[in-house]
Amino acid sequence: MTQVENRHPSETLEINFGPQHPSTHGVFRMQMLLDGEKICSLKPVLGYLHRNHEQIAENITYAASMAYTDRLDYLNAMTNNFAYAIAVEKLAGIEVPERAEYIRVIMAELARLVNHITVIGFLLNDMGAFFTPLLYAFREREKILDIFEEVSGSRMMCNYFRFGGVKRDLTTENLTAIMQIVRRFPAFLEEFEALLTKNEILCMRCQNVGILPANLAVNSSITGPVLRASGVNYDIRKVDGYSIYKRFDFRIPLGEKGDVYDRYFVRILEMRESLKILYQALNKIPQGEFLNKKTLPFLKMPRNFKPAVGEAYGRIESPKGELGFYLVSDGTPQPWRYHVRAPSLINLTVLEDICIGQKVADAIIILGSIDIVLGETDR
Amino acid sequence: MTNFPSKRKSSGIKQWDHVYTSSVQNAPSHHWLKIFGAGALKGMVVTLKNFVTSYFRKPDQGGIFTVQYPEERYPEIENYRNLPFLVYDGSPDKVRCVACGICERECPPKCIYITMETDVAGKPVRKPAVFDIDYAVCMNCGICEEVCPFDSIFMDHVFEIASPRRIDTGMIRHQEDLLKSSEYLQKIRPKTATMIDEKKRAAEEKKKAVVKPPQGPTV
Amino acid sequence: MNMPPLLRDIEFAVDLSFVNAKGWILDLLSHIVPDWVVVFASIVISGVAILVLGPVIMMYLTLLERKLIGRIQNRYGPNRVGIWGLLQPIADGIKMFTKEDIVPVYADKVIHCLAPIVIVIPALMVFLVVPFGERMTAVNLNIGLLYFIAVSSITTIPIFMGSWGSRNKYSLLGGMRTAAQMISYEVPMTLSVVPVIMMSQSLSTNKIVLSQSGSYDMNWFIFTPWGIVGFIIFFLCAVAECNRPPFDLPEAESEIIAGFHTEYSGMKFALFYMAEYMNAFTLCGIAATLFLGGWQGPFLPSWIWFLGKTFVLICVMIWFRGTFPRFRVDQLMGFAWKFLLPLTLINILVAGLCHFISEKTGWIYSFIIFSISFWVLVRLNRPWMPEKRHYPLAN
Amino acid sequence: MDMLSLIIKFGIYGTMALALIAAIAVVTLRNLFHSALCLAAVLIATAMIYAAFHADFLAAAQILLYVGAVMTLIIFAIMLTEQLGSKTIRQTNRQNLAALAGLLVFVVILGRVIFKTPWPVTEKALASKVTVMELGKAFMGPYVFPFEVISIILIAALLGAVVIAKKDR
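These protein sequence lines map, in sequence, to chains G, P, R and C.
If you count the first sequence from 1, position 12 lands on 11 in numbering that gives the first Met the number 0, and the numbers rise without skipping.
If you count the second sequence from 1, position 111 lands on 110 in numbering that gives the first Met the number 0, and the numbers rise without skipping.
If you count the third sequence from 1, position 346 lands on 345 in numbering that gives the first Met the number 0, and the numbers rise without skipping.
If you count the fourth sequence from 1, position 72 lands on 71 in numbering that gives the first Met the number 0, and the numbers rise without skipping.
The following block contains the structure:
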């Protein structure tokens with residue numbers, strides 16, 4: 000990457016961004032060495048939000064961990080649940096009914112919408128737009144969170160997925176409400192884009208800032224919109240085709256340069272693709288069971304749920320990248336090993352590489368565009 | 000398949016590619032809006048439009064979506080879960096809970112503490128002597144409600160429980176604070192309560208049906 | 000203007016009501032006390048008026064800003080204290096007064112405490128030359144405009160004091176940004192005023208306003224080709240001078256937290272804010288004076304015209320804040336030096352040209368000149384221009 | 000009116016005293032930043048004295064150029080060399096002799112000016128007010144050549160600064 004060689008011995012300023020800083024998205028610390036406003040070195044310091052997630056999960060039942068996965072990436076509890084459910088279902092070999100799969104996809108894509116608009120709003124906030132894009136994003140987010148609350152009981156900590164299905168069925172009113180959101184969302188996106196996409200200041204700030212080359216991205220195992228913004232066609236929804244994603248007609252937007260602007264715009268386009276998936280899923284959703292009846296006893300008595308000895312890795316394309324759960328069972332009600340492959344943490348590893356040589360203000364928006372949630376990074 | 004009334008024309012869904020691609024980005028390059036500064040001006044038009052429409056649009060159509068909390072309240076959603084409470088039938092001494100301790104065992108953050116009541120002779124009675132929930136620890140996951148075989152613990156809708164203290168009268172709730180009547184449950188979660196009542200009635204009828212036949216021959 | 004004499008009299012009376020009120024008080028005083036006290040009282044009355052006006056304007060500008068931005072963002076804005084939140088500024092004031100006053104341990108205490116006081120002085124001093132209405136300029140200096148530019152340029156020093164005195168690295172970064180920004184934007188701002196001085200042949204704010212009278216008092220400078228460009232440049236520079244978005248780098252809360260006032264709390268912080276809002280008000284007022292005809296305007300009393308124009312400009316500033324993200328440091332400097340500065344120089348030439356040819360041809364010529372120069376400048380500033388990108392949709 | 004002129008007089012003398020005290024502080028204070036601030040105070044006080052003697056334009060120009068621009072640059076330089084927020088640099092007065100020589104030269108020049116001025120000042124000289132308009136006319140009229148020369152020199156200096164700054168790249 001671009002290294003700033005010290006041509007002239009100028010005074011550098013060591014500065015701590017965070018853990019209490021308005022735009023580090025939580026308790027994240029960046030130890031920066033500045034030459035004027037240019038970044039000479041940047042060390043991310045993690046662990047301020049460490050909550051022992053994996054160890055806790057190894058000491059409670061499989062079902063009880065579901066509630067804890069909500070707290071990983073607290074912006075999209077739905078996809079976290081999804082990934083965990085897939086991992087456990089692989090481990091125990093549980094079938095998922097058709098309708099449940101559709102509900103899962105609908106919820107996951109709604110979560111993607113929530114995540115992407117929120118991230119773009121916060122990115123603009125980091126850029127100094129005084130909350131306007133963020134609040135427009137929240138206006139739409141509220142509508143989706145209302146749906147989440149109605150179906151799962153909680154706006155953010157959904158705890159909605161169960162092994163072999165979901166907790167509650169979607170009613171017709173829910174489906175109509177989701178359809179309404181899907182119908183109205185493009186208009187909102189148009190408005191949002193009119194405000195942002197062609198704004199000269201945003202273009203000046205974002206274009207050619209924090210370029211992440213494709214080879215570096217692949218080598219650092221970056222996933223998600225950040226990777227796709229660098230032009231690498233890799234989306235687990237397409238690669239694995241998990242759940243029922245193979246049935247839907249959608250495409251993967253790819254970026255050109257891998258800078259902040261591409262990351263921003265790829266997210267916008269991804270939302271549009273998500274809307275496509277939602278539209279198809281809502282039109283095709285069949286009647287039927289929402290939960291595999293065989294797993295019901297396990298849900299009533301989680302202690303009795305003892306998967307056979309073995310291991311499983313379940314992964315999905317969460318809005319932030321590849322979210323995977325690695326589980327090893329030793330035949331007891333508790334997993335013997337429980338590991339989370341958190342996209343936020345792994346995407347964060349390139350932060351120093353793409354920040355060096357940029358300005359302080361750029362580091363902030365690069366961090367914003369990588370889209371981390373500290374709950375997931377520190378676990 | 001769920002069929003939706005075709006609102007396509009009115010709601011703006013025309014052709015797929017049209018709707019789901021960004022018209023802003025794909026604007027023709029010779030467009031007059033290409034002038035430097037036009038994008039910023041367009042953004043200003045958007046904010047101005049929102050400023051004006053905030054005065055007369057409805058919340059769900061892009062108007063002001065603030066809920067002025069103490070005066071206005073969000074409509075209560077039945078499935079909303081917040082913190083657990085115990086249900087009694089009729090009078091507070093008829094607690095549904097039998098102190099089996101499943102919820103205590105399954106609670107992920109371990110915020111429930113139960114001991115079983117004993118009668119004078121020291122024999123355990125199917126009733127909780129102590130039933131404490133630490134609301135400060137509870138993470139509102141709703142597992143207790145799910146695992147309870149006796150339909151006695153439910154997630155409440157009350158959220159105004161702020162307290163300056165964590166222990167004592169603060170966030171630790173004892174049995175007497177947790178107990179709420181089944182009418183209350185009926186009020187906040189009509190669907191669930193009706194379902195449970197029906198289940199109970201069915202079970203009772205079944206029991207009667209099962210219990211009666213042996214009674215018959217003896218008489 | 001063809002108005003019935005009575006109406007004109009009434010308008011005249013309303014127009015000069017403040018001036019007359021002051022005159023009566025002084026008249027009354029002159030019967031009781033010696034002459035020098037009367038002169039003194041005259042100064043005191045104007046001074047007190049300004050000293051009261053400044054903070055009141057600041058208080059209600061904050062409310063206005065919060066309300067407008069709230070509406071832009073589909074919120075209500077403050078509406079709890081008093082009807083429409085009208086008492087909110089007072090509540091804020093009480094809060095500021097009762098807050099703990101924190102001085103960092105390693106701060107340079109004298110300078111740290113002096114900075115917020117010093118920053119208010121130039122902000123108040125510039126009020127002296129703002130023509131609030133007909134005969135309502137506190138001091139009619141014949142170099143009023145120069146005085147305004149000079150005094151408002153002092154503002155950098157207290158910002159330096161605040162940023163250096165609090166011994167905070169974020170403050171220091173903010174202070175450096177301020178210095179760079181203020182010096183840079185002063186240049187195009189001063190140069191954009193030059194055509195106005197050329198046309199009105201005076202530096203006195205009053206005379207500049209008077210030279211914009213004419214039919215219906217609407218012969219404003221903004222209705223000339225050089226005036227419109229000059230006004231836009233002046234206004235952008237004014238936004239930058241009072242550190243408001245999108246030029247709010249010195250206090251960028253998402254980057255360097257709050258820049259030079261990171262370490263300030265309570266009333267000291269409020270003083271910084273007060274200075275900022277008063278600067279915003281005076282800069283808008285001067286922009287209205289220079290290009291929008293100041294208090295000139297038909298039918299309504301002069302001070303209403305002035306305040307109306309000023310508040311429209313302030314609302315535009317708030318609108319900016321509700322819309323734009325922030326520039327980056329290098330872009331900010333580049334915008335001033337590589338874009339605004341050449342444009343101001345061209346503007347001066349155009350103003351000279353317009354002076355010597357008829358109005359219609361002047362419009363045509365200046366339109367051609369401005370479009371060409373705008374195009375050339377945009378070309379020259381290529382590195383920042385938005386790129387057209389293509390996003391393939393893979394399967 | 001007697002009282003008024005007395006007040007004005009006191010005001011002017013007070014400003015002069017302030018200027019002097021601040022000037023002394025500039026050289027005696029050990030903290031560079033404080034010295035710089037005192038220098039700003041001196042400059043402002045001088046401008047106030049100019050204004051009191053009806054040299055409005057000079058006063059405004061003084062504030063605009065010296066306080067607004069030059070002082071800002073000085074403080075900017077101090078902040079850049081201050082090891083950025085760590086320990087402050089102490090001011091040292093090692094060039095005593097040079098300073099003394101400079102002072103002597105200054106005194107000689109000042110003395111010459113004082114002796115050359117025809118005391119007492121005539122009423123006519125007092126009455127003539129130099130307005131901005133006249134200044135401008137003078138610049139564009141009799142003094143147009145020196146004015147242009149100075150502008151060329153300034154542009155040359157500007158370009159030189161750019162060249163020096165660019166050399167690094």
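Just so it is clear, CB atoms sit at the ideal spot from N, CA and C, and this is done for glycine as well.
So, for residue i: in the same chain, excluding its five sequence neighbours on each side, which residues have a beta-carbon less than 6 angstroms away from its beta-carbon?
| i | result |
| --- | --- |
| residue 163 of chain C | none |
| residue 223 of chain G | 319, 320 and 342 |
| residue 48 of chain C | 14 |
Under a CB-based cut-off of 9 angstroms, is residue i close to chain P?
| i | result |
| --- | --- |
| residue 69 of chain G | yes |
| residue 71 of chain R | yes |
| residue 67 of chain R | yes |
| residue 255 of chain G | no |
| residue 230 of chain R | no |
With 16 as the cutoff for other CB atoms within 10 Å, does residue i come out buried or exposed?
| i | result |
| --- | --- |
| residue 361 of chain G | buried |
| residue 154 of chain P | buried |
| residue 275 of chain R | buried |
| residue 241 of chain G | buried |
| residue 94 of chain G | exposed |
| residue 104 of chain R | exposed |
| residue 72 of chain G | buried |
| residue 286 of chain G | exposed |
| residue 375 of chain G | buried |
| residue 92 of chain P | exposed |
Which same chain residues, not among the five before or five after residue i, have their C-beta less than 8 angstroms away from its C-beta?
| i | result |
| --- | --- |
| residue 6 of chain C | none |
| residue 211 of chain R | 199, 218, 219, 220, 292, 293 and 295 |
| residue 365 of chain G | 208, 209, 259, 350, 353, 354 and 357 |
Would a check of beta-carbon distances place residue i closer than 9 angstroms to chain C?
| i | result |
| --- | --- |
| residue 161 of chain R | no |
| residue 202 of chain R | yes |
Closer than 9 angstroms by beta-carbon distance: list the chain P residues that pair up with residue i, in chain order.
| i | result |
| --- | --- |
| residue 322 of chain R | 39, 42, 43, 45, 46 and 47 |
| residue 74 of chain R | 53, 63, 64 and 65 |
| residue 318 of chain R | 43, 46, 47 and 50 |
So is residue i in contact with chain R if we call contact Cβ pairs under 9 angstroms?
| i | result |
| --- | --- |
| residue 232 of chain G | yes |
| residue 15 of chain C | no |
| residue 273 of chain G | no |
| residue 27 of chain G | no |
Please list the partners that residue i has in chain G, where partner means a Cβ-to-Cβ separation under 9 angstroms.
| i | result |
| --- | --- |
| residue 244 of chain R | 127, 128 and 129 |
Measuring only between beta-carbons, confirm whether residue i sits less than 9 angstroms from chain G.
| i | result |
| --- | --- |
| residue 115 of chain P | no |
| residue 392 of chain R | yes |
| residue 105 of chain P | yes |
| residue 110 of chain P | no |
| residue 130 of chain P | no |
What does residue i touch in chain C if you count any residue whose Cβ is under 7 angstroms from its own?
| i | result |
| --- | --- |
| residue 336 of chain R | Chain C residues near residue 336 of chain R: none, gap ~11 angstroms exceeds 7 angstroms. |
Output, in chain order, the set of chain R residues within a Cβ distance shorter than 7 angstroms of residue i.
| i | result |
| --- | --- |
| residue 200 of chain G | 245, 323, 324 and 326 |
For a contact meaning CB atoms closer than 8 angstroms, what does residue i contact in chain R?
| i | result |
| --- | --- |
| residue 384 of chain G | Lying before the first or after the last residue shown, residue 384 of chain G is absent from chain G, which here runs from 0 to 378. |
| residue 361 of chain G | 327 |
Please list, in chain order, the chain G residues whose beta carbon lies closer than 8 angstroms to that of residue i.
| i | result |
| --- | --- |
| residue 80 of chain P | 152 and 153 |
To which residues of the same chain is residue i closer than 7 angstroms at the C-beta, ignoring the five residues directly before and after it?
| i | result |
| --- | --- |
| residue 255 of chain G | 230 and 261 |
| residue 190 of chain P | 77 |
Pull out every residue of the segment 43-66 of chain C whose Cβ sits closer than 7 angstroms to any Cβ of chain R, in chain order.
-> 55, 56, 59, 62, 63 and 66
Name, going along the chain, the residues of the segment 110-133 of chain G whose beta-carbon falls closer than 8 angstroms to a beta-carbon of chain R.
-> 123, 124, 125, 126, 127, 128, 129, 130 and 131
Report the residues of the segment 141-159 of chain G with a CB closer than 9 angstroms to any CB of chain R, ordered along the chain.
-> none
When you check each C-beta in the segment 49-70 of chain P against every C-beta of chain R, which residues fall closer than 9 angstroms?
-> Per Cβ criterion, the list reads 49, 50, 51, 52, 53, 54, 56, 58, 61, 62, 63, 64, 65 and 67.
Please list the residues of the segment 202-213 of chain G that have a C-beta atom closer than 8 angstroms to any C-beta atom in chain P, keeping them in chain order.
-> 202
When Cβ atoms are compared, which residues of the segment 16-41 of chain R fall closer than 7 angstroms to chain G?
-> none
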